[in-house]
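In what follows, a single structure is set out as structure tokens and then discussed.
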Ligand code: FER
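Residue numbers (mature numbering (1 follows the signal peptide of the UniProt record, and there is no 0)): -21 to -1, 1 to 259.
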């Protein structure tokens, strides 16, 4: 009887620790987000696209990698901001262009175009006033329609980019992390690569998050889920991780020690996500 109890204990411990997450918590090397002199630079441009969803022209920023050539075709990463930000948040605080330039200088990332939109799809999409107002929070979910029906078609009609799921990625921080999970996992036919850096309370649960678990399991090329261990919102990451494990959906799972809900952590995650996305 005693040995049976021990066997059951060992088995349940083994099973409960079995995880479909590839775990890691690495920290980027010094200087990964700092300008290096004499190194090829990508280019950042502001663009305007017509949004039928919002009923007006909307602004987004695009990063083109060093050596971007009209004669080549690129995959696209849609990179989303948080509740207090807009289409400039990553550029103003996260140095995504510098992080990418540095990765390209050491041949560590696949050449890609990065689109940084405004994820608050409403008439007044500035981050001022009460950013937690229900109407403003709701606009982060309305952005799914703006992205799928207005922005993506505009990007694909106007730039040398691929227009299939294998070459589209979505990732973001906090509210943008929740959007990336919600939109990505609900539209696996549109995005094969999904990343969430400390996803916020807007992250859906259960079948609302992943309507077709088999499709997600089979068709996603990368699902990257991470959070700093000092982040007040960490339960939305662990909740999602548990659900993915329950459904045997493989993912990269990163809990970063001594990191908070801020750009020090988000930059670190972009550095690692960018090295995995669009890789074979
Ligand atoms: C909340 C707490 C935080 C919330 C959103 C956030 C919608 C988002 C934080 C961020 O984007 O940094 O209760 O509710």
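Here a beta-carbon is modelled for each residue, glycine too, at the ideal position from N, C-alpha and C.
Nearest to residue i by CA position, among the options, is which residue?
i	options	result
residue 117	212, 99, 152, 59	99
residue 259	70, 235, 199	199
residue 50	140, 121, 18	140
residue 14	33, 78, 217	78
residue 225	66, 22, 195	195
residue 223	183, 21, 74	183
residue 70	219, 23, 187	23
residue 72	242, 251, 250, 253	242
residue 33	164, 105, 124	124
residue 227	197, 215, 7, 166	197
residue 233	53, 9, 62, 205	205
residue 61	138, 105, 163	105
residue 76	19, 114, 29	19
residue 191	212, 213, 167	167
residue 158	188, 111, 143, 137	188
residue 17	185, 162, 45, 251	45
residue 107	143, 64, 142	64
residue 220	28, 185, 7, 240	185
residue 136	8, 239, 53, 252	53
residue 138	91, 247, 213	91
DSSP state of residue i, grouped into three classes?
i	result
residue 171	coil
residue 95	strand
residue 52	coil
residue -6	Any reading at residue -6 needs caution, since the residue's pLDDT is 40, under 50, leaving its predicted position unreliable; the model's value is listed next. Note: residue -6 maps to helix in three-state DSSP.
residue 139	coil
residue 16	coil
residue 47	coil
residue 257	coil
residue 106	coil
residue 242	helix
residue 188	helix
residue 67	coil
residue -13	Only weak support is given to the placement of residue -13: the predicted model assigns it a pLDDT of 38, under 50, and the value that follows is read from those uncertain coordinates. Residue state, collapsed to three classes: helix.
residue 182	coil
residue 199	coil
residue 111	coil
residue 8	coil
residue 72	helix
residue 213	helix
residue -21	For residue -21, the pLDDT reaches just 42, beneath the cut-off of 50, and the residue's location in the model is therefore unreliable, leaving the point undetermined.
residue 89	coil
residue 118	helix
Which residues does DSSP pair with residue i in a beta bridge?
i	result
residue 32	In DSSP, residue 32 forms no bridge with anything.
residue 41	24, 94
residue 233	3, 205
residue 250	Answer is none; residue 250 lacks a bridge partner.
residue 150	58, 174
Write down the C-beta distance between residue i and residue j rounded to the nearest angstrom, noting that I regard them as a contact closer than 8 Å.
i	j	result
residue 55	residue 146	7 Å
residue 41	residue 93	7 Å
residue 170	residue 156	No, residue 170 and residue 156 are not in contact; Cβ-Cβ is about 14 Å, not under 8 Å.
residue 237	residue 208	7 Å
residue 57	residue 96	7 Å
residue -1	residue 173	Incorrect: roughly 14 Å between the Cβ atoms, too far for contact.
residue 178	residue 160	6 Å
residue 126	residue 245	Wrong, their Cβ atoms sit about 20 Å apart, outside the cutoff.
residue 12	residue 74	5 Å
residue 203	residue 180	Going by Cβ atoms, the distance from residue 203 to residue 180 rounds to 20 Å, so no, they are not a contact pair.
Nearer than 8 Å: is that true of the beta carbon of residue i relative to any heavy atom of the ligand SAH?
i	result
residue 101	The ligand SAH is not among the ligands present in this structure, which contains only the ligand FER.
Say whether the region 115 to 135 touches the region 69 to 86, bearing in mind that this needs 3 or more beta-carbon pairs closer than 8 Å, one atom from each stretch.
-> Contact fails: fewer than three Cβ-Cβ distances are below 8 Å.
Given 8 Å as the limit, is there contact between the region 125 to 133 and the region 31 to 40, that is, 3 or more CB pairs closer than that?
-> Yes, since at least three Cβ pairs between the region 125 to 133 and the region 31 to 40 fall closer than 8 Å, the two stretches touch.
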